[in-house]
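*Asks:* Just so you know, the protein sequences line up as chains D and X, in that order. First residue of the first sequence: 1, per the working numbering; consecutive thereafter. First residue of the second sequence: 417, per the working numbering; consecutive thereafter.
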Amino acid sequence: MKAARQHTPVVSYDVAKLRAEFPILARSVHGKKLVYLDSAASAQKPRAVIDCERQVYEEEYANVHRGPHFLSEWASDRFEAARATVRKFLNAADAREIIFTRNATESINLVAATWGRRFLKAGDEVVLSEMEHHSNIVPWQMLRDAIGIEIKVAPITDDGELSLDGFDRLLGPRTKLVAITHVSNVLGTVVPVAEVIRRAHAAGAKVLIDGCQAVMHRAVDVRALGCDFYAFSGHKLYGPSGIGVLYGRSELLEAMPPYMGGGGMISSVSFAHTEYAGIPQRFEAGTPAIAQAIALAPAIEFVLELGFEAIQAHERDLIAYATQRLSAIDGLTIHGTAPGKDGVVSFTLGHAHAHDIATILDRAGIAIRAGHHCAMPLMHRLGVAATARASFGLYNTRVEVDALAEGIEAVRRIFA
Amino acid sequence: MQDDLRDLYQEVILDHGRRPRNLRAIADASASAQGHNPLCGDQIKVYLTLGPGDVVEDASFEGKGCAISVASASLMTELVRGRTLADIERLFGGLHHRCTGQGEAPSEAGIEDAMEKLDVLSGVREFPVRVKCATLAWHTLQAALAGRAKVSTE
């Protein structure tokens, strides 16, 4: 608390008022006020999202795209309006370039299973980075095992930045795809994706960006970036779970075979032959997550209304303050010291294992993550088995950072 | 510190976690196995030397993990030495009962002292997600005895 008063925080919006929009933040855990520092795993939802999903079920629900009745038409309009909101959010050229999936994992798997299977062949190379989440590693390994592509891994520096020189060295005539994270879920590093895309395109490769840890922290303009595919999950963007997005440039999507077969993705079916639907329906077989897609729109509107300038000012202040408070703790090491980090601060503490840290903090009402964060190759690169990770969203406060720092001090006293 | 945390991180646990006993490989072990907790990435390897009558002559472990898993492994290597496989089975049952409060407690006849030493892990009961930490070494020991090379707590 004392430290909080020594600095004037950059107050870009009224955080107390904003927190009131997130009902769950008012609850307590183990008899303590909840300090939620796990938004990078999944963010909490504002009332607008919760109310929207409830309203869909109470007043607007029917299946989409098929029913010749009022409610089906209504729900279909709302579903497509949500797609239009995502288009605007990513500044895609056309709403048909927005495919609804379950989550970013499914979005990446979709690209690997359709574009990858159709356009890659044995010996072609896919370039990843050392800081990828398993969801941007395993689909490519499955494709490797199926068709014999090769996986190359771009190195990071000790600060946790992508080595652009190391990346360049991997690019060659056989490079067909670069699949890389926008923001590291462990290190918080922001990858210079515009530059990565420029270099990859110069080498003749397509680029998929895993934007799971980016879209809640920064404006993404897929056309300005020039990326070919962009994937994110709704639940990390203060939206519902069960809904994700894949953006793909229309000329690529048009040429891709379907992902799953079923209803909604065809234009005609006989036992001899099936004509597939156009995009995006071709990739959306079966009844989608209707209410969740519709309720993703108010999440996006919530974020856009605050504005990324204000969100960034607020979150940058939190990251800087957390870095300062945590660095001052004896024996604590912060993993990932790239400038301009987004969202997360990962750390280890002397001999205290990340799980013990998380257990002790949990009893103080503080929710953090501990473990390998689905990035085991990165853990290996860092030389640790696990890290503790505090992650920050637009609703967190310096007071919560203070609680975290005090909680870690308590851990340190136990394990000293 | 809160009571439930004090019960979990008892001095004995912290001591075993800090200075694990029998943290070494056994070159000519009768049995060994690798244990893995995929949830946290913890890896441990357990070694055993069996003497006449299938009595454990030596037990050791290698690996890294949280305070609970390391302390449990360390304690286990001390407790199983000189015991028969049947006694070890009962000790594991006793540990499981202490950590979960579920099932029936096995008979402690003849191994009361060893069973009592497992009481330090009963604080885990209030932390269900940590039960796997406390039992990883024991599951790995079982796998070693069963001749399996790898075990996972999943």
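A virtual CB, placed ideally from N, CA and C, is assigned to each residue, including glycine.
Taking 8 Å as the threshold (beta carbon to beta carbon), is D:Arg363 in contact with chain X?
*Replies:* Chain X, which has a Cβ nearer than 8 Å to the Cβ of D:Arg363, makes this yes.
*Asks:* Determine the contact status of D:Asp221 and D:Asn136, defining contact as a CB-CB distance below 8 Å.
*Replies:* In this structure, D:Asn136 does not lie closer than 8 Å to D:Asp221 by Cβ.
*Asks:* Starting from the beta carbon of D:Gly371, find every residue of chain X whose beta carbon is closer than 9 Å, and list them in chain order.
*Replies:* Under the 9 Å cutoff, chain X gives Leu455, Cys456, Gly457.
*Asks:* When the distance is taken between beta carbons, is D:Phe232 closer than 8 Å to D:Cys212?
*Replies:* In contact: D:Cys212 and D:Phe232 (Cβ atoms closer than 8 Å).
*Asks:* Does the Cβ-Cβ distance between X:Gly479 and X:Lys461 come in under 8 Å?
*Replies:* In contact: X:Gly479 and X:Lys461 (Cβ atoms closer than 8 Å).
*Asks:* Mind listing the chain X neighbours of D:Asp356? Cutoff is C-beta to C-beta under 8 Å, in chain order.
*Replies:* Those are Tyr425, Cys482, Ala483, Ile484, listed as they occur along chain X.
*Asks:* Which partner residues of X:Phe543 appear in the DSSP bridge assignment?
*Replies:* Partner(s): none; X:Phe543 has no beta bridge.
*Asks:* What are the boundary residues of the alpha helix (DSSP H) that D:Ser327 is part of?
*Replies:* D:Ser327 -> alpha helix (DSSP H) spans 308-327.
*Asks:* Which first and last residues belong to the beta strand (DSSP E) in which D:Val245 is found?
*Replies:* Where D:Val245 is concerned, the enclosing beta strand (DSSP E) stretches over 244-248.
*Asks:* Are the Cβ atoms of X:Ser490 and X:His432 separated by less than 8 Å?
*Replies:* Result yes, Cβ atoms of X:Ser490 and X:His432 sit closer than 8 Å.
*Asks:* Indicate the three-state DSSP secondary structure (helix, strand or coil) for X:His555 in the structure shown.
*Replies:* Helix.
*Asks:* Taking 8 Å as the CB-CB limit, is X:Cys549 close to chain D?
*Replies:* Yes, X:Cys549 lies at the interface with chain D (some Cβ there is under 8 Å from its Cβ).
*Asks:* Could you check the C-alpha separation between D:Arg19 and D:Leu25 for me, to the nearest Å?
*Replies:* Looking at the two C-alpha atoms, the distance is approximately 7 Å.
*Asks:* Expressed to the nearest angstrom, what Euclidean distance is found between the alpha-carbon atoms of D:Pro155 and X:Arg514?
*Replies:* Rounded to the nearest angstrom, the two C-alpha atoms are 46 Å apart.
*Asks:* So which residues on chain D does X:Gln450 lean against when the C-beta distance must stay under 7 Å?
*Replies:* Residues of chain D passing the Cβ test: none, with the nearest at roughly 14 Å.
*Asks:* With DSSP run on the structure shown, which of helix, strand or coil describes X:Glu478?
*Replies:* Of the three classes helix, strand and coil, the one that applies to X:Glu478 here is strand, per DSSP.
*Asks:* With D:Ala370 and D:Ala388 assumed to form a contact (beta carbons below 8 Å), what rounded beta-carbon distance in angstroms separates them?
*Replies:* Their Cβ separation, rounded to whole angstroms, is 5 Å, which keeps D:Ala370 and D:Ala388 in contact under 8 Å.
*Asks:* Evaluate the contact criterion for the stretch 462-479 of chain X versus the stretch 520-533 of chain X: three or more CB pairs, one atom per stretch, below 8 Å.
*Replies:* Judged by Cβ distances under 8 Å, the stretch 462-479 of chain X makes no contact with the stretch 520-533 of chain X, as fewer than three pairs qualify.
*Asks:* May I have a chain-ordered list of the beta strand (DSSP E) segments no shorter than 3 residues that lie completely inside the stretch 476-515 of chain X?
*Replies:* Fully enclosed beta strand (DSSP E) runs of 3 or longer: not present.
*Asks:* Helix, strand or coil: how does DSSP classify D:Glu284 here?
*Replies:* In this structure, D:Glu284 counts as coil in the three-state DSSP scheme.
*Asks:* Going straight from the alpha carbon of D:Gly172 to that of D:Arg144, what length do you get?
*Replies:* Each residue's alpha carbon lies about 18 Å from the other.
*Asks:* How many Å lie between D:Tyr13 and D:Gln312 at the Cα?
*Replies:* For D:Tyr13 and D:Gln312, the distance between alpha carbons rounds to 11 Å.
*Asks:* Does the CB of X:Met531 have a neighbour CB from chain D at under 8 Å?
*Replies:* No, because no Cβ of chain D sits closer than 8 Å to the Cβ of X:Met531.
*Asks:* According to the neighbour-count rule (16 or more other Cβ atoms, all chains shown, within 10 Å of its Cβ), is D:Phe271 buried or exposed?
*Replies:* The residue in question, D:Phe271, is exposed, as its Cβ has fewer than 16 Cβ neighbours within 10 Å.
*Asks:* I need the straight-line Cα distance from D:Ala3 to D:His355, nearest angstrom please.
*Replies:* The pLDDT assigned to D:Ala3 is 46, lower than 50, so where the model puts this residue is not dependable, and the model offers no usable value.
*Asks:* Am I right that D:Val186 and D:Leu37 are in contact with their C-beta atoms under 8 Å? What's the rounded C-beta distance?
*Replies:* About 14 Å separates the two Cβ atoms, so there is no contact after all.
*Asks:* Distance cutoff 8 Å, beta carbons only. Does X:Arg546 sit that close to anything in chain D?
*Replies:* Yes, X:Arg546 counts as interfacial toward chain D.
*Asks:* Rank D:Gly248, D:Ile108, D:Ala405 by C-alpha distance to the C-alpha of D:Glu133 and give the top, closest one.
*Replies:* Reading off the sequence, residue 133 of chain D comes out as His, not Glu. D:His133 has its Cα closest to that of D:Ile108, out of D:Gly248, D:Ile108, D:Ala405.
*Asks:* Note down the Cα distance separating D:Arg87 from D:Gly340, rounded to an integer number of angstroms.
*Replies:* Taking the straight line joining both Cα atoms gives about 27 Å.
*Asks:* Looking only at its chain, what residues have a beta carbon closer than 7 Å to the beta carbon of D:Leu306, apart from the 5 residues adjacent to it on each side?
*Replies:* Counting only Cβ-Cβ distances below 7 Å, and skipping sequence neighbours, we find Tyr13, Leu394.
*Asks:* In chain D, which residues lie less than 8 Å from X:Phe543 when you measure between Cβ atoms?
*Replies:* Within chain D, the residues near X:Phe543 are Thr359.
*Asks:* How many angstroms separate the CA atom of X:Glu473 from the CA atom of D:Ala416?
*Replies:* Between X:Glu473 and D:Ala416, the C-alpha separation is close to 34 Å.
*Asks:* Which residues, taken in chain order from the stretch 384-409 of chain D, show a beta carbon closer than 8 Å to some beta carbon of chain X?
*Replies:* Those residues of the stretch 384-409 of chain D that come within reach of chain X (Cβ to Cβ, closer than 8 Å) are Ala385, Ala386.
*Asks:* Cβ of X:Met492 less than 8 Å from any chain D Cβ?
*Replies:* Not one chain D Cβ lies under 8 Å of X:Met492.
*Asks:* Can you list the alpha helix (DSSP H) stretches of 4 or more residues lying completely in the stretch 90-130 of chain D, in chain order?
*Replies:* Taking only runs of at least 4 residues, the alpha helix (DSSP H) segments lying wholly in the stretch 90-130 of chain D are 104-111.
*Asks:* For D:Ala293, does the three-state DSSP call read helix, strand or coil?
*Replies:* Three-state DSSP puts D:Ala293 in a helix.
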